[in-house]
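> Protein chains in written order, with the numbering used here: chain A, 1448 to 1672; chain B, 1448 to 1672.
From the three backbone atoms N, C-alpha and C, an ideal C-beta is built for every residue, glycine too.
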DNA sequence: CAGTTTGGATAGTGACACTATCGGATAGTG
DNA sequence: CACTATCCGATAGTGTCACTATCCAAACTG
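Here it is, written out as structure tokens:
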């Protein structure tokens, strides 16, 4: 397959494909001459992955490169590799939110670790999502002009865990599920990102439900028209 | 208060304040002469609101203007005004995700309405979050190369509703809570947005927990180091 | 063998969120 | 009352990001 074919198959324009290769998001094609190269299914799948991370995940090119790089590093086990890819994701979320080096973040991380441990949560001590959580709490409190309230996570912990439980289902992970394809790991990241907008949209609807159901009946009827 | 003071108080630079006024995110100060104006607490609060919507919510200037405009329109009731502000928010989320005019979206909206109604959810028929939900499902399915699965929302509906229930608590809304300040409505939007990153970070941690707890004990111990 | 296509390099584009400068007017100070 | 600092609003410029367009010589295609 040459570039134009790759472009047609993937729906991504030729200059954009060239751009992705330039930026190190994709390997170049295998050269068949001084200025001729061949592309395969690997490239096709990688392109779909990049588009998913960009359009659904809303990730920037730099973050995508980092996620792909983490996923590509040889890891002893699937979970370790996935954790690393997720960390790359967490590290880059909302750059200008709370300062990366805000002095209030590390103690918040510790407190959150304790709270979640007491709820029975198990995760790697250095999980990127944990510091992302701390930063989100600090940034949110700043915006409201209030003190960060780590206890608020207790409110969310149980239902969020229920969501994760349902998403994973009864599936068991084999110990020897090792050395999986780097694209497989990256797709797992996509899978996590994919339903984020769904959950947020549902939450907004649920807020509306809660607000409406706290109104007297006749007011509600008027609004439903 | 003149502009420099407003800048100092709010922590927003003078040119940026001018820019916000130019873009219609804030009213200009009350003029005290041909080229002199005075700013009050209204402006200070509005600035905090804009920064919160931008930095925590990650909203663009255009969306912020729309949310503020919706919140500002005179409404008969709080819920109606809030719904309208939320719709402005939903309409602009992730612009390049699924085409606004994707033919698969309207039937998806209908199906979702039925599914959620069967779960006992109550919301305005034209709720913006509903079409946002439909678009998120279509875009996600596109990215994975699969068919959109509206049934997936059944998985999420119950725990998400539980989140909303806990957020609202036992509070009752008075019927005559009408004609509230436009900033109050806009702040309610901020409140909804504020905990979105918290929920998403928690979900990622919960995923890690689920993955880890499906591994044999000795592998888990190795990873926790 | 004429004409299109290729891959790689370099430069340009448009959207976005600011940021800098200008110019004339005004406010505060000695 | 002079004089410097600051003000407001208008206009133009900046940096980043994700592409997109153009160019070139060397293939490939009919």
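Could you work out which residues of chain A lie near residue 1654 of chain B, taking near to mean beta carbons separated by less than 7 Å?
Near residue 1654 of chain B (Cβ distances below 7 Å), the residues of chain A are 1611 and 1639.
> Output the residue ranges of the alpha helix (DSSP H) runs that lie fully inside the segment 1558–1621 of chain A and measure 4 residues or longer, sorted by chain position.
Whole alpha helix (DSSP H) segments, 4+ residues: 1575–1591 and 1599–1615.
> Cβ closer than 7 Å: which chain A residues qualify as neighbours of residue 1526 of chain B?
What residue 1526 of chain B touches in chain A: 1658, 1659, 1662 and 1670.
> Using a C-beta to C-beta distance shorter than 9 Å, which residues of chain B count as neighbours of residue 1594 of chain A?
Under the 9 Å cutoff, chain B gives no residues; its nearest Cβ is about 14 Å from residue 1594 of chain A.
> Would residue 1542 of chain B pass as an interface residue toward chain A - the criterion being a Cβ-Cβ separation below 8 Å?
Note that residue 1542 of chain B scores 49 on pLDDT, short of 50, meaning its location in the model is unreliable; the coordinates nonetheless yield the value given after this. With 8 Å as the cut-off, residue 1542 of chain B does not count as an interface residue toward chain A.
> How would you call residue 1595 of chain A, buried or exposed, if buried means at least 16 neighbouring beta carbons within 10 angstroms?
That one is buried.
> Tell me where the alpha helix (DSSP H) around residue 1673 of chain A begins and ends.
Any question about residue 1673 of chain A goes unanswered here, given that chain A covers just 1448 to 1672.
> Name the DSSP bridge partner or partners of residue 1478 of chain A?
Note: residue 1478 of chain A sits in a beta bridge opposite A/1484.
> In chain order, what residues of the same chain lie with their CB nearer than 6 Å to the CB of residue 1566 of chain A, ignoring the 5 residues before and after it?
Closer than 6 Å at Cβ, skipping near neighbours: 1604.
> Could you tell me whether the segment 1641–1654 of chain A touches the segment 1638–1656 of chain B, where touching means 3 or more Cβ pairs closer than 8 Å?
The segment 1641–1654 of chain A is in contact with the segment 1638–1656 of chain B.
> List, in chain order, every chain B residue whose beta-carbon is nearer than 9 Å to that of residue 1512 of chain A.
The contacting residues do not exist; residue 1512 of chain A stays about 18 Å from chain B at best.
> In chain A, what lies closer than 7 Å to residue 1556 of chain B by C-beta?
By Cβ distance, chain A contributes nothing, its closest Cβ being about 11 Å from residue 1556 of chain B, past 7 Å.
> Hey, does residue 1530 of chain B have any beta-carbon neighbour from chain A nearer than 8 Å?
With 8 Å as the cut-off, residue 1530 of chain B counts as an interface residue toward chain A.
> Contact between the segment 1461–1480 of chain B and the segment 1512–1526 of chain B is defined here as three or more beta-carbon pairs at a separation below 8 Å; is this criterion met?
A contact exists between the segment 1461–1480 of chain B and the segment 1512–1526 of chain B.
> Is residue 1630 of chain B helix, strand or coil by DSSP?
The answer is helix: DSSP assigns residue 1630 of chain B an H, G or I state.
> List the endpoints of the continuous alpha helix (DSSP H) containing residue 1645 of chain A.
Residue 1645 of chain A -> alpha helix (DSSP H) spans 1643–1659.
> From residue 1552 of chain B to residue 1496 of chain B, what does the alpha carbon distance come to, in whole angstroms?
Each residue's Cα considered, the two are about 33 Å apart.
> Whose C-beta lies closer than 7 Å to the C-beta of residue 1450 of chain A among residues of the same chain, with five residues either side of it excluded?
Excluding residues within five positions, the ones whose Cβ falls inside 7 Å are 1461, 1464 and 1486.
> Classify residue 1664 of chain B: buried if its beta carbon has 16 or more other beta carbons within 10 angstroms, exposed otherwise.
Answer is exposed; the Cβ neighbour count stays below 16.
> From A/1453, A/1467, A/1597 and A/1490, pick the residue whose C-alpha is nearest to that of residue 1630 of chain A; which is it?
It is A/1490 whose Cα lies nearest to the Cα of residue 1630 of chain A.
> What three-state label does DSSP hand residue 1470 of chain B in the structure shown?
Three-state DSSP puts residue 1470 of chain B in coil, outside helix and strand.
> Should residue 1532 of chain B be listed as close to the ligand FAD, given that the test is whether its C-beta is under 7 Å from any heavy atom?
By its list of ligands, the structure shown contains no ligand whatsoever, and the ligand FAD lies outside what it can speak to.
> What's the gap between the Cα of residue 1658 of chain B and the Cα of residue 1572 of chain B?
Approximately 38 Å between the Cα atoms of the pair.
> Would you kindly report the start and end of the unbroken alpha helix (DSSP H) that includes residue 1519 of chain A?
Start and end: 1508–1519.
> Within 10 angstroms of its Cβ, does residue 1636 of chain B collect 16 or more other Cβ (buried), or is it exposed?
The residue is buried, with at least 16 neighbouring Cβ atoms inside 10 Å.
> Looking only at its chain, what residues have a beta carbon closer than 6 Å to the beta carbon of residue 1520 of chain A, apart from the 5 residues adjacent to it on each side?
Cβ neighbours of residue 1520 of chain A beyond the five flanking positions: none.
> Comparing alpha-carbon positions, which option in A/1654, A/1646, A/1660 and A/1632 lies nearest residue 1511 of chain A?
Ranking A/1654, A/1646, A/1660 and A/1632 by Cα distance to residue 1511 of chain A puts A/1632 first.
> Kindly indicate the opening and closing residues of the alpha helix (DSSP H) around residue 1453 of chain A.
Counting along the chain, the alpha helix (DSSP H) containing residue 1453 of chain A begins and ends at 1450–1457.
> Residues in its own chain within less than 6 Å of residue 1504 of chain A by CB, not counting five upstream and five downstream?
Excluding sequence neighbours, residue 1504 of chain A sits near 1640.
> Would you mind reading off the limits of the alpha helix (DSSP H) that contains residue 1530 of chain A?
First-last of the alpha helix (DSSP H) with residue 1530 of chain A: 1525–1539.
> Verify the CB distance criterion: does residue 1646 of chain B have a CB-CB separation below 8 Å to chain A?
It does; some Cβ of chain A falls within 8 Å.
> Would you call residue 1542 of chain B buried or exposed, if buried means 16 or more other Cβ atoms sit within 10 Å of its Cβ?
Since pLDDT at residue 1542 of chain B reaches only 49, below the 50 mark, its modelled position is unreliable, and the value read off the structure follows with that caveat. Classification of residue 1542 of chain B: exposed, given that the 10 Å Cβ count is below 16.
> At the 8 Å Cβ level, is residue 1591 of chain A part of the contact set with chain B, yes or no?
Answer yes: the Cβ-Cβ gap between residue 1591 of chain A and chain B drops below 8 Å somewhere.
> So, helix, strand or coil for residue 1665 of chain A, using DSSP?
DSSP places residue 1665 of chain A in helix when its eight states are reduced to three.
> Could you check how far apart the C-beta atoms of residue 1499 of chain A and residue 1484 of chain B are, in whole angstroms? I think they sit under 8 Å.
So it is not a contact: roughly 49 Å between Cβ atoms.
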